[in-house]
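K.L.:
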Amino acid sequence: MGDNTGIEWTDRTFNPWWGCSRVSPGCKNCYADQFARRWGLDLFHRGGERRMLSDQYWRKPLAWNRQAEDAGVPLRVFTASMADVFEDHPQVTEPRDRLWQLIEQTPWLRWQLLTKRPENIAAMAPWGDAWPDHVWIGTSVEDQRYAEERIPLLLKVNAAVRFLSCEPLVQQIVLEPYLADVTTGAGINWVIAGGESGAKARPMNPAWARNVRDQCDAAGTPYFFKQWGAWAPSGRIAIGGNQRGHALVGDPVDGLGHRVEMIRLGKKKAGRLLDGRLHDAVPPLRPARTTASEA
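Residues in the sequence shown are numbered from 0 upward in steps of one, following numbering that gives the first Met the number 0.
1. Looking at the strands, I want to know which residues DSSP matches up with residue 6.
2. Would you say residue 231 and residue 268 are within 9 Å of each other, going by their C-beta atoms?
3. When you compare the stretch 145-164 with the stretch 185-195, are there three or more beta-carbon pairs, one atom per stretch, that lie closer than 8 Å?
4. For residue 88, which option in 123, 217, 105 and 130 has the closest C-alpha, if you only look at C-alpha atoms?
5. List the whole-angstrom C-beta distance separating residue 45 from residue 20, where the pair is believed to meet the contact cut-off of C-beta under 8 Å.
6. Could you pull the start and end residues of the alpha helix (DSSP H) that residue 177 belongs to?
7. Just confirm the distance between the C-beta atoms of residue 91 and residue 112, as a whole number of angstroms; I'd bet it's less than 8 Å.
8. Strictly by DSSP, which residues pair up with residue 260?
9. Hey, is the stretch 55-70 in contact with the stretch 0-17, meaning 3+ C-beta pairs nearer than 8 Å?
10. So, under 8 Å CB-CB, residue 107 and residue 147 are touching, yes? Tell me the CB distance rounded to an integer number of Å.
11. Where do the N-terminal and C-terminal ends of the beta strand (DSSP E) with residue 192 fall, by residue?
12. Kindly indicate the opening and closing residues of the alpha helix (DSSP H) around residue 76.
13. In whole angstroms, what is the alpha-carbon distance linking residue 285 and residue 279?
14. Helix, strand or coil: how does DSSP classify residue 235 here?
15. Where does residue 220 fall in DSSP's three states?
16. Would you mind sorting residue 53 into buried or exposed? The rule is 16 or more other CB atoms within 10 Å of its CB.
17. From the DSSP output, in three-state form, read off residue 267 for me.
18. Pull up the DSSP beta-bridge partners for residue 111, would you.
19. Alpha carbon to alpha carbon, how far is residue 264 from residue 34?
20. Going by the beta-carbon positions, is the gap between residue 248 and residue 258 smaller than 9 Å?
21. Around the Cβ of residue 125, are there at least 16 other Cβ atoms within 10 angstroms (buried) or fewer (exposed)?
22. From the DSSP output, which residues share a beta bridge with residue 105?
23. How is residue 26 classed by DSSP in three states: helix, strand or coil?
24. Mind checking residue 175: buried by the 16 CB within 10 Å criterion, or exposed?
25. Just how far apart, CA to CA, sit residue 114 and residue 140?
26. Would residue 272 be called buried (16 or more neighbouring beta carbons within 10 Å of its own) or exposed?
27. Along the chain, where does the beta strand (DSSP E) containing residue 163 start, and where does it finish?
28. Classify residue 214: buried if its beta carbon has 16 or more other beta carbons within 10 angstroms, exposed otherwise.
29. Is the beta carbon of residue 207 less than 9 Å from the beta carbon of residue 170?
30. Curious, which full-length alpha helix (DSSP H) runs of at least 4 residues does the stretch 33-59 contain?
31. Using 10 angstroms around the beta-carbon of residue 138, count the other beta-carbons present and answer buried if the total reaches 16, otherwise exposed.
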């Protein structure tokens, strides 16, 4: 974890600590909790400990920054895959402040901060209305309720890139009112969507992913389809109930009651093709003009 990442929309991952607590339906089958439990760690509940990382690990972003500067190409760093940096937990105040300092020291990294707690951003981030250009801020919106609750809070943040992670997508969602105006850039600048992976994953209706894609296309917003997850469309429609390894999703597509069939393949076999092609759009990696400490 770190130098190599399996997350398709970033180049590196950095976790200032491990641990979080569940706040919404997208957390139901938390992959980070499952990963931590393989190490015998119980970190993903409100009263749980938060596992801190070593000083050696904290030096990694400094090395990545040097690599990016030498190459003349910024690197994207997702923070955090094993935590939420805007969680209100007594153990993480000091490492969070350390994270802000690290971010200001690494202008060649594009820090992709993703949270399910955008209500805490203003109080916890140190930049007010003058965020560094190399810091992107995103929120997770798995269904319509949390789209309507979280996106307006995210839009209050004056960051160079504001993005959404619609993963796991568990419901059709309307994003049009929030997508960026192509002339001013105000609004959401990037949307990631994907299905759920893991042993207890819920199948994603293909119509939901297409709907988000089509809204982004209409607005000119970059759209990244990350994965089908554990389930993928079989290409067939069927009638009846769910069977082991098969699930029917969505409303009937004809008068006979046929519905779209999904089959359980696992993330790798399910792949990332939506309607036969990759959707890999990302915001441009422009060089940073300033950091907060230089402004």
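The C-beta atom is built at its ideal place from N, Cα and C for all residues, glycine as well. None of these values were measured; they are calculated from a predicted model.
P.N.:
Based on what the coordinates show:
1. In DSSP, residue 6 forms no bridge with anything.
2. yes
3. yes
4. 123
5. 4 Å
6. Segment: none, residue 177 is in no alpha helix (DSSP H) and carries neither H nor E.
7. The Cβ separation is near 14 Å, so there is no contact.
8. 247
9. yes
10. The Cβ separation is near 36 Å, so there is no contact.
11. 189-193
12. No alpha helix (DSSP H) holds residue 76; the beta strand (DSSP E) holding it covers 74-78.
13. 17 Å
14. strand
15. coil
16. exposed
17. helix
18. 77 and 135
19. 20 Å
20. yes
21. exposed
22. According to DSSP, which records beta bridges pairwise, residue 105 is partnered with nothing at all.
23. helix
24. exposed
25. 10 Å
26. exposed
27. 160-165
28. buried
29. yes
30. 54-57
31. buried
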